[in-house]
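Q: So that you can map any letter, position 306 of the sequence shown is 383 in this note's numbering, and since no number is skipped, the others follow by simple counting. Glycine included, C-beta positions come from ideal geometry on N, C-alpha and C. Have a look at this one.
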Amino acid sequence: MKGLGGLNGERRVDIQGLRGFCLVSVVFFHIWPQKFVNGYIGVDIFFLISGYLITHILSSKQCINLEGIADFYKRRFKRIIPMYALTVLATVAIAAWLFTDRLINTMRHKLPWVAAFAMNIGNLLDTKDYWTAVNEIHLFTHLWSLGLEIQFYLLVPFLLLAERLIALKTATPPFLLPLALSLVTLILFLITGPIFSFNTILTRLWQFLTAKVVSDVWKYAKASINEKSDECDDELKKIGVQDFITYGVCLALSSFVVLLGFTPDYTIDPVVLRLSALAAMSFVLIAGQKPFTRAKIFELPILTFLGDISYVAYLVHWPIIAFTKFFFDVTIFGVFEGSFVLILSLLVASALHFHLERPSLFWPFPVSTTVVIVAYALCALSFTPLLYRVRHHLFIKESVWSSESYLWNNHLDQHWKSEHKNRTLFEGCVNDTEGKHIIGKTFLQMEKNSQCIVFGNPSSNLDILLVGNSFAGFSAPHFHGLAAGRFRTLRGIIQKGCSFFQPRSIRCQQYRDAVFKLADATRPAIIIVSIRTYAPQMDPIVDNDQAIAEMKEIFDKLSTYARFVIVDDAYPAARVPSTVPTSLLKRARFNQSITDLKQDFKSYSSRFRHYFDRVKQFNHSNIIRLETGKLMFNGSDTFTWFNPHNGHSRYCDDYHLSNETFEIMKPNWKIQMDSVFESLKLSGIR
């Protein structure tokens, strides 16, 4: 991502063009991830280029000593850090003006990792729970790769020093150490989990070293061949056969990688793509040491220009994407919106490149250091109450900030996660020791407040069991209120992120098995299932439909375990880049219309039609559908994502419902629950 020079001081135009291709590939992937699914390979090739150039620049020095290492770090600092710090500062300043309080808090938690060039480590150590993971807007997501580059720069002088010492002491080929490290880190990349393999230098080092290793092995092999067949080699050089073959191979490999990066809707296994692309580009980089055999496709002026601005363009493009999605409430960019973001990113990057990035290269080191310190100090102000005072005085109109709906939505936006996490499923809920004993030993890890029991009317013989995922946690207090005084026990056991009808992980299968075991042992009068639909339930029905088979199996078991099974039906979700409260807050501040924050009943019915078709195939007499989605529309053609009377959000985020929505449904829920209780009373359960 940096505009380094050539290996011997000359400017490798083809390498700059290759950087330009990588930039466009990554930016296309970030703007249209569903379309340019292989665009991420640009970052891997960036690593390859950086490793190739840096190792060759350092290897060209006759002596690698402390003074040389210090000079290397000084040059890297001047080239990378000032522009990085200023971009981070500008991003924080814009966010302070544009974002809501919750999003600013999210940004502040990331800033220490950003300042330390350790976003990759921050991602690795991030212990965020289910709630924090849902539809967040992160401004610094892209900086994980720069963290890896900096960590490579810290290692590479000592790696090359060790390489020289080993070769000197053992008289072995100098490439053995980087070759061994590449193989070990490649194996780690292949066998470790996706989060670890994606974010650590231990699993990415091979990408930085691949071109160096290939180059060194090629030089060593070529030297050995030359010693044995000087005459043949000279003849080949005269007729240029090798150069023509090399040029043809470079052209083919370059075209192959470019097509992979830009072919829409074509996916290839990530491991295969990375290995093939890095091998191909290693050959292109090494062959380009001769001007004649360089990949001419990468010498196009437009690509070399993009290569020149690639570092600053990489820094600014992601914040521009995030800010655009936030301000215009866009979740997926179309051609027009994406093109706007692309052009804006390149214009901003070009201006910064010519007016700030290039001049900064000539700043004295003390000036560069001062700029970084001041930028980081200003960013640190975001951790003080001063930021919020400035925001509320300068950016938020008093009439908006003091309005009840703004305060209500702001509180919901900031605190619903923590309040929900710290709240028991039901008021008065206690540890369900009996239920845990029934389930017995299991590898299932239950989250806090996800399994408990309420003891109600001691004269009653009616037991209720509530199961489901996070949606059950939101509906639990309302079901408790509707059943108050009419049950002996009310149990709850939920597992966030699990589709009860179609478990797709060992954790979710264990949860479903635990529910079956508990229901079979306790035989509750009522089982309430509160979930959201899972994608396969919404796919078109096919012969031997697996979704129907799995749903039938579960319905059959539940209807056997309980007198009545109440199923909380599918309901519409909002479509905003972050959350509905965030969107309402933003629109209030910038006086934007909120009339589009709604869904019509026709589109809702169409979206869930295959789910409804599946559910209609089950005719269990004791299974009752609450038809939650239909109730949300309350007989209207549209469902607004906010209460039009008071401006309160009807969603906590973009899926989970706030109390505003439950208040719409509770009257009908009460009618159906009362009917169930009356039916049970007739059979002696009361």
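Following the continuous beta strand (DSSP E) through Gln93, name the residue where it begins and the one where it ends.
A: No beta strand (DSSP E) contains Gln93, which is instead part of the alpha helix (DSSP H) from Val90 to Ile108.
Q: Going by the CB atoms, is the gap between Met742 and Leu559 shorter than 8 Å?
A: No; because the gap between Cβ atoms is not below 8 Å, this pair is not in contact.
Q: If we call anything under 8 Å between Cβ atoms a contact, is Val531 one with Thr566?
A: Yes, Cβ-Cβ distance for Val531 and Thr566 is below 8 Å.
Q: On the DSSP bridge list, what partners appear for Lys789?
A: Examination of residue 789 is not possible in this model, given that the chain is present from 78 through 763 alone.
Q: Are the segment 732 to 747 and the segment 682 to 701 touching by the rule of at least three beta carbon pairs closer than 8 Å?
A: Verdict: no, contact absent.
Q: Considering only the alpha carbon of each residue, which of Asp677, Ala596, Trp718 and Val114 lies closest to Phe339?
A: With distances taken between Cα atoms, Phe339 lies closest to Val114.
Q: To the nearest angstrom, report how far apart Gln676 and Phe503 are at their CA atoms.
A: One C-alpha to the other measures close to 31 Å.
Q: For Phe641, which of helix, strand or coil comes out of DSSP?
A: It is a strand residue.
Q: According to DSSP, what are the bridge partners of Val606?
A: The partner list for Val606 (beta bridge, DSSP) reads Val544 and Val644.
Q: Let me know if Pro680 comes out buried or exposed under the rule of 16 or more other beta-carbons within 10 Å of its beta-carbon.
A: The question names Pro, yet the displayed sequence has Ser at residue 680. So Ser680 ends up on the exposed side.
Q: Express the C-alpha separation of Phe689 and Pro617 in angstroms, rounding to a whole number.
A: If I take the Cα positions, the gap works out to 11 Å.
Q: Taking the alpha-carbon of Leu238 as reference, which of Leu455, Val606, Phe400 and Thr132 has the nearest alpha-carbon?
A: Considering only alpha carbons, the answer is Thr132.
Q: Three or more beta-carbon pairs under 8 Å between the segment 384 to 400 and the segment 414 to 432, yes or no?
A: In short, these stretches touch, since the Cβ pair count reaches three.
Q: Is Ser726 helix, strand or coil when you go by DSSP?
A: It is a strand residue.
Q: Taking the CB atoms as reference points, tell me whether Leu201 and Ile272 lie closer together than 8 Å.
A: The answer is yes: Cβ separation under 8 Å.
Q: Could you give the first and the last residue of the continuous alpha helix (DSSP H) run that contains Gly128?
A: Counting along the chain, the alpha helix (DSSP H) containing Gly128 begins and ends at Ile118 to Ser136.
Q: Evaluate contact between the segment 534 to 552 and the segment 574 to 589, counting only Cβ atoms and requiring at least three cross-stretch pairs below 8 Å.
A: Enough Cβ pairs lie closer than 8 Å, so yes.
Q: Please determine if the segment 259 to 279 and the segment 225 to 241 are in contact, where contact requires at least 3 C-beta pairs separated by less than 8 Å.
A: They touch, by the three-pair rule.
Q: Go ahead and label Pro658 buried or exposed: buried means 16 or more other beta carbons lie within 10 angstroms of its beta carbon, across all protein chains shown.
A: So Pro658 counts as buried.
Q: To which residues does DSSP link Tyr227 through a beta bridge?
A: Sequence inspection shows Ile at residue 227; the Tyr mentioned does not correspond to that position. Note: Ile227 sits in no beta bridge, so no partner.
Q: When we look at the beta-carbon of Ser698 and count the other beta-carbons within 10 Å, is it buried (16 or more) or exposed?
A: Classification of Ser698: exposed, given that the 10 Å Cβ count is below 16.
Q: Taking only the alpha-carbon atoms, compute the straight-line gap between Asp646 and Asp633 and give it to the nearest angstrom.
A: Rounded to the nearest angstrom, the two C-alpha atoms are 17 Å apart.
Q: Please confirm if the segment 711 to 723 is in contact with the segment 531 to 542, defined as three or more CB-CB distances below 8 Å between the two stretches.
A: Touching, no, given that fewer than three Cβ pairs across the two stretches are closer than 8 Å.
Q: For Tyr648, count neighbouring C-beta atoms within 10 Å of its own C-beta (all shown protein chains included) and say buried if the count is 16 or more, exposed if not.
A: It is buried - the Cβ of Tyr648 has at least 16 other Cβ atoms within 10 Å.
Q: Tell me which residue opens and which closes the alpha helix (DSSP H) that Cys585 is part of.
A: Per DSSP, Cys585 belongs to the alpha helix (DSSP H) from Ile583 to Thr599.
Q: How is the alpha helix (DSSP H) around Gln749 delimited, first residue to last?
A: Residues Asn736 to Leu759.
Q: Provide the residue span of the beta strand (DSSP E) that contains Leu567, from first to last.
A: Thr566 to Ile571 is the extent of the beta strand (DSSP E) around Leu567.
Q: Give me the Cβ distance between Leu757 and Leu539, rounded to the nearest whole Å; I'm assuming they're in contact under 8 Å.
A: Right, the Cβ-Cβ distance comes to about 6 Å (below 8 Å), so this counts as a contact.
Q: Tell me which residue opens and which closes the beta strand (DSSP E) that Phe532 is part of.
A: Phe532 -> beta strand (DSSP E) spans Gln528 to Phe532.
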